[in-house]
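Report on the structure given below.
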Amino acid sequence: MKKKRIFLAVIILIWIGIAVFLIASKQMTLSTGTRVVLQTRPVDPRDLLRGDYVVLNYEITNLNFGKLGIRKERHYKPGETLYIQLEKKGKYWSAVDIKEKKDRDKGKLYIKGKIKRSYGHELTLHYGIESYFVPEGEGKAIEKSMRGVEKSPVTVEVYISDSGSAVIKRLFIDNQPVTFK
Amino acid sequence: MWRYSYLISWLFFGLIIYVIFRAIFGRKSKYYKWLQKQLPLWEQGNIINPEQSDRIRGLYKLKKIDPAKKMDMVKIFSIIGAIFVGVGVMSFVASNWQRMPNYLKTIKLLGTTSFTLILGYYLSYEKEAYRKTGKALVLLSSIFWGASIALICQIYQVPSSGNWLIMLIWAFPILPLAIVFENEYVYILSSVLFVAWNYLYSTANSVPNYFYPVMVFLLLIPMGKMSIIGQRINVLALITAGIYAAIWKYEWVSLIIGVGFLIYYILKKDEKFYFYGASLSFIAWLFTFSVIHLKHPNFYFLIPLSVLLYMTYRNKVKENILFCILSFVVWIHLVLKAFNAMLEYRIDGMFNLFMFTLFIGAFLYLVGVISLKKEYIFHESYKKMGFLIAAMTVYFLSFKNIYPHQNVNMLYVSASVGLMIITLIGIGFGFVARYFNSRTDYKEIGTLVAILLAGVFLLISPKAAYLNALVMNILLIGLGIVCLLMGVDWKKPSIFNSGIAILALFIITRYIDVAWKLKEKSLFFVVGGLLMLGGGVVLEKQRRKIVERMKI
């Protein structure tokens with residue numbers, strides 16, 4: 259019986275430990291990461307597990323080697339991890355280079371992405387920031403304002419750590435932060 | 005309308021195959037199933053003793069089963085209650101309620117998770133009178149743990165549905181709970197989450213997941229002694245993972261799973277499930293290999309096949325001989341396909357495949373006949389498979405459209421001739437050794453020779469579509485009649501029924517062939533339907549009378 263109690267305590271500590279680690283890793287990025295504003299193109303489905311969410315597609319989601327002025331060194335496969343160098347151009351940050359982990363230059367900002375599709379000179383990448391959760395019932399209202407007669411530009415405030423991990427902080431529609439009551 | 009006719013014809017075809025399969029392989033009537041369940045209850049009530057029970061089972065060839073457990077309402081309500089509460093909490097998280105600050109939501113949910121687990125432990129072990137409720141609460145705490153992860157992901161905008169890492173973080177920490185507290189519900193939940201992890205990992209990374217089979221074999225199955233259902237779920241999940249890997253051309257996963265199952269079977273001989281799993285996984289690997297290495301015949305497959313065959317015979321695992329025979333047939337076809345690819349020969353249509361398969365069916369049937377004479381085991385399985393393969397092939401070859409307009413494939417022709425010669429030598433050997441000496445034996449061998457002769461027609465004039473189709477239709481009728489006669493001779497309802505099924509299939513198919521070309525198709529459906537309704541009732545009455553007479 260005593261052993262089972264000790265085991266119970268250990269399990270609870272492990273659970274809390276994992277939760278704290280998850281929170282800490284994300285909070286660290288938000289606290290110490292570089293603030294970046296990215297342009298988006300949203301679509302709105304429903305997540306069965308966790309309510310309404312907005313699917314976000316970024317300017318940096320689909321990259322073309324030719325348009326970036328980079329030479330494609332080899333064929334890339336889906337599932338591979340790449341690092342996209344970002345630079346600020348005007349209000350927003352855009353992709354300027356594509357590197358592998360070992361080829362990154364120091365002092366430059368990179369966002370880590372996983373290849374979803376690779377066809378010819380184009381790559382589609384996911385950065386783990388493709389969804390923004392909204393309270394139940396609020397998704398349609400946001401979708402309306404984004405798909406209205408005069409479409410409002412949607413941008414996302416993201417924090418990127420030194421390792422390239424990104425966390426969304428806020429969503430902006432027409433430069434106004436989206437808030438919920 | 006005509007788009008659906010394609011689907012309907014496939015459904016109809018599937019139904020026909022099902023009927024033939026059941027007719028040939030037989031079916032335990034509901035009365036036998038009732039008797040099988042009653043015997044342990046009669047033993048418990050001292051109505052009969054165990055020896056009498058065994059004798060009754062022996063008479064009707066029934067397997068011994070455990071008495072059915074009474075439904076435990078407390079257990080059921082506890083589990084359903086736990087699941088309802090868990091789903092409710094998940095929905096609450098999903099609704100993304102903004103009135104409470106995120107840190108408060110997280111603390112409350114983690115606190116509830118911990119409290120539920122502690123309460124579950126207390127009721128299970130400290131206050132043992134509420135053990136079942138306690139187990140349900142431990143399950144609930146595991147669901148709450150998943151909700152906690154989902155909440156943290158939601159707060160930091162991390163996608164969790166479809167996220168393999170989240171599934172892993174949910175599944176791994178609850179597995180020790182299942183093992184130490186011997187909680188089968190949590191074990192099942194953990195197993196299901198690992199299955200989800202397997203597929204999500206493969207899909208997200210476009211790579212095979214080698215970790216999953218290793219984890220199941222080294223951790224989940226050995227630690228799952230508290231739950232047979234959980235172990236079965238893991239075994240089924242592994243088999244499915246092997247087939248999934250084969251579809252995505254992840255060659256080595258199916259092989260690893262097959263080897264793993266085989267090792268498990270060697271260690272635990274009474275668990276035939278592992279043996280079937282090994283056979284299915286090796287077949288999946290066989291297909292993957294042939295798709296990836298188009299021009300390389302897979303001779304390596306003979307190694308696991310030999311091991312499976314040896315163990316099937318040694319441990320007398322009747323069901324597995326069917327897997328072995330099927331996999332041998334598939335293997336030989338894939339080897340021919342590889343040689344054709346190597347030599348860059350064309351294979352037009354399905355004719356070559358069916359022609360060769362016809363000789364395979366005849367050969368297997370002969371193996372069954374000679375095995376019976378030499379009193380080897382599994383003779384019935386060889387005969388059943390051989391007959392099924394031959395009959396199905398004859399059925400497909402009874403359609404004119406199957407015959408080629410261009411030259412046939414020389415490799416298939418050579419293989420067919422080779423197999424025919426081997427079969428004829430086998431028949432000759434049987435006569436020399438005086439294995440065939442009764443009228444029934446002559447009927448069997450006569451049918452076999454008729455099949456081979458029909459095969460010769462195909463070899464000599466493969467493009468003579470009308471003639472070959474006619475020969476095959478006559479052979480099909482012949483097979484049906486032979487089955488009826490043999491069924492009566494041997495007093496075996498399954499053989500008699502298969503004869504009925506073959507003749508019914510022939511009549512229905514040819515009716516459709518003729519009537520489909522009529523301008524008035526509605527007339528075809530109405531007349532056909534009425535004939536089947538009326539004919540079916542009459543046929544069934546007559547069949548039952550004959551089968552009842554056979555049993556006396």
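These protein sequences, in sequence, are chains R and U.
FYI, the numbering for the first sequence is 259 to 439, going by the working numbering.
FYI, the numbering for the second sequence is 5 to 556, going by the working numbering.
No residue lacks a Cβ here, since even glycine has one placed at the ideal position from N, Cα and C.
Closer than 7 Å at the beta carbon, the chain U residues around residue i
{"i": "Met-259 (chain R)", "result": "Tyr-129"}
{"i": "Tyr-341 (chain R)", "result": "Within 7 Å Cβ-Cβ: nothing; Tyr-341 (chain R) doesn't reach chain U, min ~17 Å."}
Listed by chain order, chain U residues near residue i by CB distance under 9 Å
{"i": "Val-425 (chain R)", "result": "Tyr-160, Gln-161 and Val-162"}
{"i": "Ala-353 (chain R)", "result": "Near Ala-353 (chain R) there are no residues of chain U at all, since even the closest Cβ is about 21 Å away, more than 9 Å."}
Listed by chain order, chain R residues near residue i by CB distance under 8 Å
{"i": "Tyr-191 (chain U)", "result": "Result: empty, since nearest Cβ-Cβ is about 15 Å, beyond 8 Å."}
{"i": "Thr-117 (chain U)", "result": "Trp-273"}
{"i": "Ser-152 (chain U)", "result": "Trp-273 and Ala-277"}
{"i": "Leu-114 (chain U)", "result": "Trp-273, Ile-274 and Ala-277"}
{"i": "Trp-149 (chain U)", "result": "Trp-273"}
Three-way DSSP call (helix, strand, coil) for residue i in this model
{"i": "Pro-435 (chain R)", "result": "strand"}
{"i": "His-337 (chain U)", "result": "helix"}
{"i": "Val-412 (chain R)", "result": "strand"}
{"i": "Arg-428 (chain R)", "result": "strand"}
{"i": "Lys-335 (chain R)", "result": "coil"}
{"i": "Leu-321 (chain R)", "result": "strand"}
{"i": "Trp-38 (chain U)", "result": "helix"}
{"i": "Tyr-269 (chain U)", "result": "helix"}
{"i": "Trp-46 (chain U)", "result": "helix"}
{"i": "Ala-437 (chain U)", "result": "coil"}
{"i": "Trp-256 (chain U)", "result": "helix"}
{"i": "Lys-545 (chain U)", "result": "helix"}
{"i": "Asn-344 (chain U)", "result": "helix"}
{"i": "Ser-389 (chain R)", "result": "strand"}
{"i": "Ala-277 (chain R)", "result": "helix"}
{"i": "Ile-342 (chain R)", "result": "strand"}
{"i": "Asp-363 (chain R)", "result": "coil"}
{"i": "Asp-302 (chain R)", "result": "Confidence at Asp-302 (chain R) is low in this model, with a pLDDT of 48, below 50, so the placement of that residue is unreliable and no value is reported for it."}
{"i": "Lys-370 (chain R)", "result": "strand"}
{"i": "Lys-322 (chain U)", "result": "helix"}
{"i": "Ala-353 (chain R)", "result": "strand"}
{"i": "Lys-495 (chain U)", "result": "coil"}
{"i": "Ile-516 (chain U)", "result": "helix"}
{"i": "Arg-329 (chain R)", "result": "coil"}
{"i": "Arg-103 (chain U)", "result": "coil"}
{"i": "Asn-477 (chain U)", "result": "helix"}
{"i": "Lys-315 (chain R)", "result": "The residue asked about is misnamed: residue 315 (chain R) is Asn in this sequence, not Lys. Note: Asn-315 (chain R) maps to strand in three-state DSSP."}
{"i": "Glu-380 (chain R)", "result": "strand"}
{"i": "Phe-29 (chain U)", "result": "The predicted model places Phe-29 (chain U) with a pLDDT of 49, which falls under 50 and marks its position as unreliable, so this point remains unresolved."}
Proximity below 8 Å, CB of residue i to CB of residue j
{"i": "Val-436 (chain R)", "j": "Leu-314 (chain R)", "result": "no"}
{"i": "Gly-90 (chain U)", "j": "Phe-148 (chain U)", "result": "yes"}
{"i": "Ile-373 (chain R)", "j": "Tyr-334 (chain R)", "result": "yes"}
{"i": "Pro-163 (chain U)", "j": "Glu-388 (chain R)", "result": "yes"}
{"i": "Ile-261 (chain U)", "j": "Ile-276 (chain R)", "result": "no"}
{"i": "Ala-86 (chain U)", "j": "Ala-140 (chain U)", "result": "yes"}
{"i": "Ala-4 (chain U)", "j": "Leu-306 (chain U)", "result": "Since the first residue of chain U shown is 5 and the last is 556, residue 4 (chain U) is not available in this structure."}
{"i": "Tyr-341 (chain R)", "j": "Tyr-390 (chain R)", "result": "no"}
{"i": "Glu-275 (chain U)", "j": "Met-230 (chain U)", "result": "no"}
{"i": "Gly-246 (chain U)", "j": "Ala-208 (chain U)", "result": "no"}
{"i": "Ser-294 (chain U)", "j": "Ile-237 (chain U)", "result": "no"}
Residue i: contacting residues in chain U (beta-carbon distance under 8 Å)
{"i": "Leu-266 (chain R)", "result": "Leu-121, Ile-122 and Tyr-125"}
{"i": "Tyr-390 (chain R)", "result": "Gln-161"}
{"i": "Leu-381 (chain R)", "result": "Residues of chain U passing the Cβ test: none, with the nearest at roughly 14 Å."}
{"i": "Gly-337 (chain R)", "result": "Ala-208, Asn-209, Ser-210 and Val-211"}
{"i": "Ile-387 (chain R)", "result": "Gln-161"}
{"i": "Lys-366 (chain R)", "result": "Chain U residues near Lys-366 (chain R): none, gap ~25 Å exceeds 8 Å."}
{"i": "Lys-262 (chain R)", "result": "Tyr-125, Tyr-129, Val-184 and Phe-185"}
{"i": "Lys-370 (chain R)", "result": "Neighbours of Lys-370 (chain R) on chain U: none; closest Cβ ~14 Å, over 8 Å."}
Chain-ordered neighbours of residue i on chain R, where CB pairs are closer than 9 Å
{"i": "Pro-177 (chain U)", "result": "Ile-269, Ile-272, Trp-273 and Ile-276"}
Interface partners of residue i on chain R, CB under 7 Å
{"i": "Ile-156 (chain U)", "result": "Ala-277, Leu-280 and Ile-281"}
{"i": "Leu-172 (chain U)", "result": "Those do not exist, as Leu-172 (chain U) stays about 11 Å from chain R at its closest Cβ, beyond 7 Å."}
Report yes or no: do the segment 407-414 of chain U and the segment 347-364 of chain U share at least 3 C-beta pairs separated by less than 8 Å?
-> yes
Length-filtered (4 minimum) alpha helix (DSSP H) runs lying within the segment 131-213 of chain U = 135-159, 168-184 and 188-209
Spell out a yes or no on whether the segment 384-398 of chain U and the segment 462-470 of chain U are touching, meaning 3 or more CB-CB pairs, one atom from each, closer than 8 Å.
-> no
Do the segment 125-136 of chain U and the segment 154-173 of chain U make contact, defined as three or more Cβ pairs closer than 8 Å?
-> no
Could you name each continuous alpha helix (DSSP H) segment of 4 residues or more that falls completely within the segment 348-386 of chain U, going from the start of the chain to the end?
-> 355-377
Any 3 or more C-beta pairs closer than 8 Å across the segment 473-482 of chain U and the segment 375-384 of chain U = no
Counting pairs of Cβ atoms below 8 Å between the segment 47-64 of chain U and the segment 107-114 of chain U, do you hit three or more?
-> no
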